[in-house]
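Chains P and B supply the protein sequences, listed in that same order.
Numbering-wise, the first sequence is residues 1 to 134 according to the working numbering.
Numbering-wise, the second sequence is residues 1001 to 1134 according to the working numbering.
Ideal Cβ positions, reconstructed from N, Cα and C, are used throughout, including at glycine.
As the structure is a computational prediction, the values presented were derived from the model and not from experiment.
These notes concern the structure reproduced below.
Number of protein chains: 2
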Amino acid sequence: MMHISAAAKTAELPVKTVRYYADIGLVSAPERSEAGYRTYDESAVRKLVFVRRAREFGFSIDECRELLSLYEDQNRSSADVKRIATKRLEEIAEKQRELQSLHDELAHLVDACKGDERPDCPIIDGLGWVVASE
Amino acid sequence: MMHISAAAKTAELPVKTVRYYADIGLVSAPERSEAGYRTYDESAVRKLVFVRRAREFGFSIDECRELLSLYEDQNRSSADVKRIATKRLEEIAEKQRELQSLHDELAHLVDACKGDERPDCPIIDGLGWVVASE
DNA sequence: GTTGACTCTCCAGTTACTGGAAAGATTACG
DNA sequence: CGTAATCTTTCCAGTAACTGGAGAGTCAAC
């Protein structure tokens, strides 16, 4: 049994965030000590770790909610979990493609820029190209 | 001279966003018609396009502010612009690396998951690995 | 003349927290 | 035992960059 700062430290989350997760009902509200302090047991901390990891994987809070209910459900099929994770994987791949074209386009502009004292600047011109090409 | 919906359409931005950009002072407040309608000329629309492009490149509103002032300044050196763009480029590259390791880690879990009716699930286990490995 | 499209302002909600104030509880030191 | 530092509580507000909606005024067309 520990108080919030120990739980937060163990789960590697800010104290504020731990409180927040209970406030929005992502994790269940913890028991309170006589003085009203939140108390956490090993199982509660485990769930916090689970959520932190899932968030690091880019799952939204709502996806975490879904994953957590699967995590807590002894009878869920691994197919349900795989479905969510695969969807997320596709989103990551899409984001990677976007980022790549962004990178290439901007790198091209930066390469073309002399970076000297003169005002000619392919980057500025490039950002306005839609109009410039009219 | 046009009203807001034509300007928004030309700049390929939502009407709400065009108003918003003026509200926060990112672009200067447009002239008003007698009835109080915002009116946009070619130069105003060009700046909206510039901002949209810069946002698409992932520049924050504050960076857009900076770029826009450089855009409007005939005397700025291209070095100033290159500095901002290069910084952004590094951020993109960093984000790409993060996304890649995320992708690899999650893909590994998804591959390991049978996705059947049984509750054994390497994805769920993997999300909790920090505790599981204790 | 009235229907429909367009515009205005203002307020609230979104996501996932984060910061700070004010007040009570606990612990550590001398 | 007193007190100072630390921890915890609640509540309110703010962040980024919009987005949605209400209620009201304006304009063009049939």
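Check	Outcome
Residue 38(P) versus residue 1014(B) - alpha carbon distance	46 Å
Of the listed residues 83(P), 88(P), 30(P), nearest to residue 161(P) (C-alpha basis)	Outside the displayed range of chain P (1 to 134) lies residue 161(P), so it cannot be described from this structure.
Cβ neighbour criterion (16 or more within 10 Å) applied to residue 78(P)	buried
Beta carbon of residue 123(P) nearer than 8 Å to that of residue 1027(B)	no
Residue 92(P): contacting residues in chain B (beta-carbon distance under 8 Å)	1099, 1102, 1103, 1106
Enclosing alpha helix (DSSP H) for residue 27(P) [first to last residue]	Element bounds for residue 27(P): n/a, residue is neither H nor E.
Classification of residue 1092(B) by the beta-carbon crowding that lies within 10 angstroms, buried from 16 upward	buried
Chain-ordered neighbours of residue 65(P) on chain B, where CB pairs are closer than 9 Å	Those do not exist, as residue 65(P) stays about 14 Å from chain B at its closest Cβ, beyond 9 Å.
Assigned secondary structure, residue 1134(B) (DSSP; H/G/I helix, E/B strand, else coil)	For residue 1134(B), the pLDDT reaches just 35, beneath the cut-off of 50, and the residue's location in the model is therefore unreliable, although a value from the coordinates is still provided. DSSP places residue 1134(B) in coil when its eight states are reduced to three.
Chain B within 8 Å of residue 109(P), Cβ atoms only	yes
Three-state class that DSSP yields for residue 1118(B) in the structure shown	coil
C-beta contact flag for residue 1011(B) and residue 1049(B) at 8 Å	yes
Supposed close pair residue 1044(B), residue 1007(B) - CB separation, criterion 8 Å	7 Å
is_contact[residue 118(P), chain B] using C-beta, thresh 8 Å	yes
For residue 71(P), the first and last residue of its enclosing alpha helix (DSSP H)	61-72
For residue 3(P) and residue 1029(B), the rounded distance between their alpha carbons	52 Å
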